[in-house]
Each structure stands twice: as C-alpha cells, then as structure tokens.
Amino acid sequence: MKSAVLILLFSATLCFAASPLQCQFGEIYRECATCEPTCAEPNPICTQECRPAACQCAPGLVRHRGRCIQPLLCQAPITQCGINEVYNECGSMCEPQCNMILGVVVRPQGCIAVCRAGCECAAGHVRINGVCLSETICRRYF
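When we follow this note's numbering, the leftmost residue of the sequence shown carries the number 2, and every step to the right adds one.
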C-alpha cells in the first residue's frame, strides 16, 4: 500500500512539473507560444515562429495591461503604459521573450515589419507573464 501511495505522489509531482508557469485567470499555458491579440491589435499578423513557452490569453480574450479580458471591455487606444513600458506608435510586433528553461533572452527572428501602436517593454526589459522586468531577472532566476 505504501509503495502505491509513493508512486501516485511521484506521478502527481511529474504532472505538476510539466507546466512550470502558473497562469493567471483567462490564460492558458502554451509550450509553443505565438503572438496574441491585444486591445490595440485584436487581429495580429503572426509568424509561424514558435516562441518560448508562456501563459497566453485563452481563445476569445485579448491582452490588456498584462491581463486577459473580453474584447468588449477594450477602451480607446491607451497611451499610458505600465511600469517599465513605453508607448510606441509604430512598435514591433515581436517583443523579446524570456526563455524560462534556459534563462536567456530570446529576440524573435523574421518579424513582419508592420507598425503596431501600443505599450512595449522599455529598453533592457523583457515581458515575463505579462509584466516588463529587467533582462537580468530572466538570466538570474530562470
């Protein structure tokens, strides 16, 4: 009986470890992340590139200030950004990402040169779970 309990606990631990990120409400974990819709860009043009694993908005939701919301709740374009973010009228569609497994900052290759107005991480910062943090945090803790 004790060995059956140990096997069950070990199996549960393996299942929990398979998804290293704790996603917020309205998000789903994706091993192969893609670009996601936002209030500013509800229908983004995405490349086929597989980005590092991340929590992304569930289908039917859009990213707004780091959270996933119903598109109906989007307001007029936002020019006031969060901490460590800057507003850019013609920003990149592909922000650098933190590869949580390797602990390195990944800069997506082959981004489409299309302007996207909105908030993006300030220089020297990378978006981790919807929040712009210093790139050194990615290298230090992941």
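The beta-carbon is built from N, C-alpha and C at its ideal position, and this holds for glycine as well.
> Based on Cα-Cα distance, which residue from Gly92, Pro38, Gly61 lies nearest to Ala123?
Replying inline: The count along the sequence shown starts at 1 and reaches residue 123 at position 122. Measuring from the Cα of Ala123, the nearest candidate turns out to be Gly92.
>> Relative to the C-alpha of Pro60, which candidate in Arg117, Thr35, Gln76, Arg128 has its C-alpha closest?
In response: Counted from its first residue, the sequence shown places residue 60 at position 59. Ranking Arg117, Thr35, Gln76, Arg128 by Cα distance to Pro60 puts Thr35 first.
> Does DSSP put Thr80 in a helix, in a strand, or in coil?
Replying inline: For the purposes of this step, residue 80 is taken as the residue at position 79 of the sequence shown. Residue state, collapsed to three classes: coil.
> For Cys95, which residues from the same chain have a beta carbon less than 6 Å from its beta carbon, with the 5 sequence-adjacent residues on both sides left out?
Replying inline: As a position in the sequence shown, residue 95 is number 94, starting the count at 1. Cβ neighbours of Cys95 beyond the five flanking positions: Pro109, Cys112.
>> Please give me, in chain order, every unbroken run of the beta strand (DSSP E) with length at least 3 that falls completely inside the stretch 45-75.
In response: 55-58, 63-65, 68-70
>> On the criterion of 16 or more Cβ atoms from any shown chain inside 10 Å, does Gly125 qualify as buried, or is it exposed?
In response: In the sequence shown, counting from the first residue as 1, residue 125 sits at position 124. By the 10 Å Cβ count, Gly125 comes out exposed.
> From the DSSP output, which residues share a beta bridge with Gly92?
Replying inline: Taking the first residue of the sequence shown as position 1, residue 92 is located at position 91. Per DSSP, Arg117.
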